[in-house]
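In numbering that gives the first Met the number 0, the protein residues as written are 0 to 257.
Report on the following structure.
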Amino acid sequence: MIGRLKRVPLRDVWKHEALDFTTWLEANYDILSEELGIEMVSVEREKSAGAFSVDLVAEDDSGNTVVIENQLEASDHDHLGKLITYLTAMEAQTAIWIVARPRPEHVRAVTWLNESTSASFYLLKVEAVQIGESEPAPLLTLIVGPSSESREIGEAKREISERHVLRRRFWTELLEKARTRTPLHANTSPSDRSYINTYDVGKPGLELIYRARQHDAQVELYIKRRGREAETKAMFDRLYENREVVERAFGDSLIWER
C-alpha cells in the first residue's frame, strides 16, 4: 500500500523560528549538506556580526565560512539585506537563505547575486511533510544556487558593462576634441552605444554617424530629405561630382554609396 504525501503547517512542527527551527537545523545540518552538496564540518548558532546575530554560521570542508539565514515566512527584503550584511561582516564565501515561501523578486535577486559577485548564494524552500500519521519530516528544496552558467552570464554582463564605460569615455573625448574645431556637435551627447549621431549638420537632411566597432571605426555622412527622394539624390550627386575636391580636403579616398 502506498501512502499519500501531505504538507504540514511549519508552525505545527517548529513553533518558534529561532528557538525551534534554528536549533533543529543546528543539530541536523547534514540534511542541508546533502541537499546542497556542501560538506559542513561545524555549525554555530547566533554568532555576532556587528550589531546583528547570524542564525547559523558554518564552516565547509575547505575552511570557508558559510552564513545561514532562516525565515519561516515568505521571503522579504529585510532578511535578504541581513543575509548580505552577514556575508560581508563574517567575510563568508557562501550564504544560504532558507524560507517558507520564496517570492519571485527574491529568486531574481539571488540569481543576480550569483551572476554579479564571487560569493555563492543559495535560496531554499523549507516544508514539513508526512505520510499518513507518520512523524513530520523536513523537505528542503533548492530554488536557486550558483552554477557555471550563472558565472558565465555574470562575466558576460561585466564585459558588456566595461565596454559601455569605455565607449562613453571614447565618445566623450571625441566630442570634446570635435567641438574645438566645429560647432556641428554642440547638441550631441556621449553614449554607451557603438555609434552616435549628429543631425542636420549644415543643412536639414544631413546626418553624421560615428561608429566604433571591435576592429575598426568609421564616419558616415548620411543624406536623407524625408519625403524628398529626388532632392536627396541630387544632393549626393553634387557632392559626388566634386569628390576629388572632397577627398583632397579629407586627405584620403572615401566610399561613395548612392
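Positions of the beta carbon are idealized from the N, C-alpha and C atoms, including for glycine.
A quick note: this is a predicted structure, and the numbers were derived from the prediction, not measured.
Could you check whether the region 18 to 32 touches the region 44 to 63, counting it as contact only if at least three pairs of C-beta atoms, one from each stretch, sit closer than 8 angstroms? Yes, the region 18 to 32 touches the region 44 to 63.
Just to confirm the assignment, what range does the alpha helix (DSSP H) spanning Asn113 have? Its alpha helix (DSSP H) spans residues Pro103 to Ser115.
Beta strand (DSSP E) segments (min. 3 residues) lying fully within the region 175 to 220: DSSP runs (the beta strand (DSSP E)) wholly in the region 175 to 220: 194 to 198 and 205 to 211.
Can you tell me the Cα-Cα spacing of Ser188 and Arg237, whole angstroms? So the alpha carbons of these two residues sit roughly 30 angstroms apart.
Where does Trp13 fall in DSSP's three states? Secondary structure of Trp13 (DSSP, three-state): coil.
Quick check: the Cα distance between Ile30 and Ala73, rounded to an integer number of angstroms? Straight through space, the alpha carbons of Ala73 and Ile30 are spaced by roughly 21 angstroms.
Could you check whether the Cβ of Arg242 sits closer than 6 angstroms to any heavy atom belonging to the ligand FMN? The ligand FMN is absent from the structure shown, which contains no ligands of any kind.
Could you round the C-beta distance between Ile97 and Asn69 to whole angstroms and report it? I think they count as a contact, below 8 angstroms. By a beta-carbon distance limit of 8 angstroms, Ile97 contacts Asn69. Their separation comes to about 5 angstroms.
For the structure I just gave you, are there three or more beta carbon pairs, one from the region 2 to 18 and one from the region 74 to 85, closer than 8 angstroms? Contact check between the region 2 to 18 and the region 74 to 85: fewer than three CB pairs, one atom from each, fall below 8 angstroms, which does not count as touching.
Measure the alpha-carbon distance for Ile222 versus Phe235 and round it to whole angstroms. Rounded to the nearest angstrom, the two C-alpha atoms are 7 angstroms apart.
Find out if the Cβ-Cβ distance for the pair Ala17, Met39 is shorter than 7 angstroms. Not in contact: Ala17 and Met39 (Cβ atoms no closer than 7 angstroms).
On a Cα-Cα basis, can you pick out the residue from Phe249, Ser252, Leu220 and Arg192 that is closest to Gly204? Here the closest residue by C-alpha is Leu220.
If you reduce the DSSP assignment to three classes, tell me which class Met89 lands in. Residue state for Met89 is assigned as coil, using DSSP reduced to three classes.
Would you please state the rounded distance, in angstroms, between the beta carbons of Arg167 and Ser193? I believe it to be under 8 angstroms. Ser193 and Arg167 do not touch by the CB rule: their CB atoms are close to 11 angstroms apart, not below 8 angstroms.
Which residues bound the alpha helix (DSSP H) around Glu33? From DSSP, the alpha helix (DSSP H) with Glu33 extends over Tyr28 to Leu35.
Judging by CA-CA distance, which residue of Leu35, Arg10 and Val244 is the nearest neighbour of Pro145? Ranking the options by Cα distance to Pro145, first place goes to Leu35.
Considering only DSSP beta bridges, list what Glu58 is partnered with. DSSP, once it has assigned bridges, lists Ser41 and Thr64 as partnering Glu58.
For a test of the three-state rule: what should DSSP assign to Glu172, helix, strand or coil? DSSP places Glu172 within a helical segment (H, G or I) once states are collapsed to three.
Confirm, please, whether the CB-CB distance from Ser190 to Trp170 is below 7 angstroms. Cβ distance < 7 angstroms, so Trp170 and Ser190 count as in contact.
Roughly how many angstroms lie between the CA atoms of Leu207 and Asn113, to the nearest whole one? Approximately 42 angstroms between the Cα atoms of the pair.
Three-state secondary structure (DSSP) at Glu240? Correct three-state label for Glu240: helix.
Would you tell me roughly how many angstroms separate the C-alpha atoms of Val65 and Gly131, rounded to the nearest one? So the two alpha carbons sit approximately 36 angstroms from each other.
Hey, Leu122 and Leu139: beta-carbon distance below 7 angstroms or not? With a cutoff of 7 angstroms on beta-carbon distance, Leu122 and Leu139 are scored as not near each other.
Going by the beta-carbon positions, is the gap between Phe120 and Ala88 smaller than 7 angstroms? Against a cut-off of 7 angstroms, the Cβ pair of Ala88 and Phe120 comes out as no contact.
Report the three-state DSSP secondary structure of Ala229 (helix, strand or coil). Of the three classes helix, strand and coil, the one that applies to Ala229 here is helix, per DSSP.
Under the three-state reduction of DSSP, which class applies to Ile83: helix, strand or coil? Shown here, Ile83 sits in a helix according to DSSP, grouped into three states.
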